[in-house]
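Read the structure below first, then the notes.
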Amino acid sequence: MIVEYIQSALLLIAAFLVIVSAVGFLSLPKDMKNVVYARIHIIGIFDIACIIAMIGLGQYLLAVIYLILAPFTAHAIANAFYKSEDVVNNVELNVVEEDEDNPNPFIVNRSKVQELENEDSEKLKTDERFTISTLDINEEE
Amino acid sequence: MDILIISKYILIIAFIIMMFAALRASAYKGTSMGLLGSSVVVVAFAVALLVFGQMYNLTFYRDISLALIFFGFVGTVAFSIVAGGDK
Chain Z
1 MIVEYIQSAL LLIAAFLVIV SAVGFLSLPK DMKNVVYARI HIIGIFDIAC IIAMIGLGQY
61 LLAVIYLILA PFTAHAIANA FYKSEDVVNN VELNVVEEDE DNPNPFIVNR SKVQELENED
121 SEKLKTDERF TISTLDINEE E
Chain R
1001 MDILIISKYI LIIAFIIMMF AALRASAYKG TSMGLLGSSV VVVAFAVALL VFGQMYNLTF
1061 YRDISLALIF FGFVGTVAFS IVAGGDK
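Chains as they are written, first to last, in the numbering used here: chain Z, 1 to 141; chain R, 1001 to 1087.
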């Protein structure tokens, strides 16, 4: 009888933690700084709730296995996010490729200009902001 | 009705809510959010299967949930390594 009460108390605690983590998981603002790390942190609560539920259900070995595996999962996801998508914290993702310094910007190679004037040039396709305009200047003006 | 059965039902409802929340979050921007949401769905389903198996005396429920937890972990880590690059 006492064991049943303990089991049901553990299951209720786990259910409460799961609902709290679900609400927190969705209610974080999208434009918050480091929101993905905060969500991974919230999933830590969910992992502990799962472990409590497994203990309450009598699956101790499964609980120990998940207790070992859960931090690895969270760390792997955080590491992947930092290396591939985290433009706020990772300096390596913020490197902008700069053009080579041209000593005289008024002298341009003729083949480059002909390539830019061509309508089918690849640079015009990739960069639509780039336009070529000519200006006629009379000597009298 | 026994208090243990009531708490099991409450736990299953909580896991269903968590699964929907994780499905919603997996649609957020970014690959890692999809990874996080899918891993949460798998673990929630595995623990809900544990509860169902005890309630309805299903066979092999423990093995299936162990496989879900273990291979979900392996898949999550493997995809994280692929998404993180080789640096």
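Backbone N, C-alpha and C fix where the C-beta goes; we use that ideal spot for every residue, glycine too.
Compute the distance between the beta-carbons of residue i and residue j, then report whether it is under 8 Å.
i	j	result
Ser-21/Z	Ile-42/Z	yes
Leu-1068/R	Phe-1045/R	yes
Ser-1080/R	Ala-80/Z	yes
Phe-1070/R	Phe-72/Z	no
Gly-1084/R	Lys-83/Z	yes
Ile-77/Z	Ser-1032/R	yes
Ala-15/Z	Ala-1014/R	yes
Leu-1004/R	Glu-4/Z	yes
Val-18/Z	Phe-46/Z	yes
Leu-1058/R	Met-54/Z	no
Determine the closest residue to residue i out of the options, with distance taken between C-alpha atoms.
i	options	result
Val-1047/R	Met-1018/R, Val-1082/R and Phe-1079/R	Met-1018/R
Asn-34/Z	Phe-106/Z, Val-108/Z, Asp-86/Z and Asp-136/Z	Asp-86/Z
Val-1041/R	Asp-31/Z, Leu-67/Z, Tyr-60/Z and Cys-50/Z	Cys-50/Z
Leu-11/Z	Gly-58/Z, Gly-44/Z, Phe-25/Z and Tyr-66/Z	Gly-58/Z
Ile-2/Z	Gly-56/Z, Ala-38/Z and Ser-84/Z	Gly-56/Z
Phe-25/Z	Asp-1002/R, Gly-1037/R and Ile-1016/R	Gly-1037/R
Gly-1030/R	Arg-39/Z, Val-23/Z and Ser-27/Z	Arg-39/Z
Leu-61/Z	Leu-1066/R, Phe-1060/R, Asn-1057/R and Arg-1024/R	Leu-1066/R
At least one CB of chain Z closer than 8 Å to the CB of residue i: is that the case?
i	result
Met-1018/R	yes
Ile-1064/R	no
Thr-1059/R	no
Ala-1021/R	yes
Met-1033/R	yes
Ser-1080/R	yes
Phe-1073/R	yes
Val-1043/R	yes
Leu-1050/R	yes
For a cutoff of 8 Å on Cβ pairs, would you count residue i as touching chain R?
i	result
Asn-79/Z	yes
Glu-142/Z	Absent from the model: residue 142/Z. The displayed extent of chain Z is 1 to 141, so no value can be given.
Glu-85/Z	yes
Val-36/Z	yes
Ile-43/Z	yes
Val-18/Z	yes
Ala-15/Z	yes
Tyr-60/Z	no
Leu-93/Z	no
Met-32/Z	no
Counting contacts by CB-CB distance shorter than 8 Å, is residue i in contact with chain B?
i	result
Ser-1038/R	Annotation note: the requested chain B is absent from the structure, which comprises protein chains Z and R.
Review point. At what residue ranges does the stretch 14 to 99 of chain Z contain a whole run of the alpha helix (DSSP H), taking only runs of 4 or more?
Key: 35 to 56 and 60 to 84
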